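What follows is the structure in structure tokens.
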């Protein structure tokens, strides 16, 4: 990878049939400023639409921009591989569960993080995850719609910090930090944006309900941007 290239890392965008112009404009803006893009899971949301429905929406206007930046697309828990098809090539040149990038002798490991967390979740989180998997398998769309409404109301009432940086999400980030000590681990999933140099861990956060967080990597230096789409 060429020197000084800017790598944009985004995750947990949860795009669906519900198109939002401000969110589109924000994504277009940060993608245009990057030389390469890594989508670290939950790009679109299978809980709210099918993949074929998603690629026919206005969000597809971003696809040429992503393709021009040799985008790597990693699958998450909301957009698993089995829910997609070969049309992922419309916006990415490489797909998978994880990706490695080496800069100046340092290895950066990218993966969404849900599978790592599944392997270490406590009793109550396993019950919650089990319920989510059940509702997903049985396509209980009304449940997921209500869940989205409640989440959106939470952002309006309590703000980004409370919704994205709760005690639970902090604990989940801390669990992820234990998996790789030698190399950098860069995840999504928890929605808690963070760069922890001591533990060589970063999380790109999320881009939902007006909140906008992402990572930019330049020559191995990781920068966290936390803002909004308004």
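Residue numbers (this note's numbering): 363 to 592. Glycine included, every Cβ here is placed at the ideal spot set by N, Cα and C. Computed from a predicted structure; not experimentally measured.
Roughly how many whole angstroms lie between the Cα atoms of residue 431 and residue 440?
Locating residue 431 in the chain shown gives position 69, where the first residue counts as 1. Locating residue 440 in the chain shown gives position 78, where the first residue counts as 1. Whole-angstrom Cα-Cα distance: 23 Å.
Taking the CB atoms as reference points, tell me whether residue 593 and residue 470 lie closer together than 8 Å.
This structure cannot settle anything about residue 593, because the visible part of the chain is limited to 363 through 592.
Neighbour-count burial assignment, residue 444, 16 or more Cβ in a 10 Å radius:
Locating residue 444 in the chain shown gives position 82, counting from the first residue. Residue 444 should be labelled exposed.
Opposite residue 377 in the DSSP bridges: which residues?
Here residue 377 is taken as the residue at index 15 of the chain shown, counted from 1. DSSP, once it has assigned bridges, lists 406 as partnering residue 377.
Residue from 378, 399 and 392 with nearest C-alpha to residue 414:
Against the chain shown, residue 414 aligns to sequence position 52. Residue 414 has its Cα closest to that of 378, out of 378, 399 and 392.
Restricting to Cα atoms, I'd like to know which of 474, 572, 581 and 528 is closest to residue 564.
Working through the chain shown from its first residue, we reach residue 564 at position 202. Per the Cα distances, 474.
Kindly list the residues whose CB is nearer than 8 Å to the CB of residue 464, restricted to its own chain and excluding five residues on each side of it in sequence; keep chain order.
For the purposes of this step, residue 464 is identified with residue 102 of the chain shown, where counting begins at 1. Closer than 8 Å at the Cβ level, and outside the excluded window around residue 464, lie 470.
Residue 368 and residue 395 closer than 8 Å at C-beta
Start at 1 with the first residue of the chain shown, and residue 368 comes out as number 6. Start at 1 with the first residue of the chain shown, and residue 395 comes out as number 33. Cβ distance < 8 Å, so residue 368 and residue 395 count as in contact.
Roughly how many angstroms lie between the CA atoms of residue 548 and residue 398, to the nearest whole one?
Along the chain shown, read from residue 1 onward, the residue named residue 548 stands at position 186. Along the chain shown, read from residue 1 onward, the residue named residue 398 stands at position 36. Looking at the two C-alpha atoms, the distance is approximately 16 Å.
What are the start and end residues of the alpha helix (DSSP H) that includes residue 414?
Here residue 414 corresponds to residue number 52 of the chain shown, with the count starting at 1. 413 to 417 is the span of the alpha helix (DSSP H), which, as asked, contains residue 414.
In whole angstroms, what is the alpha-carbon distance linking residue 555 and residue 401?
Looking up residue 555 in the chain shown gives position 193. Looking up residue 401 in the chain shown gives position 39. Approximately 15 Å between the Cα atoms of the pair.
Taking the continuous beta strand (DSSP E) assigned at residue 588, which residues delimit it?
Here the question's residue 588 lines up with position 226 in the chain shown. It spans 583 to 590 - the beta strand (DSSP E) in which residue 588 sits, taken as one unbroken run.
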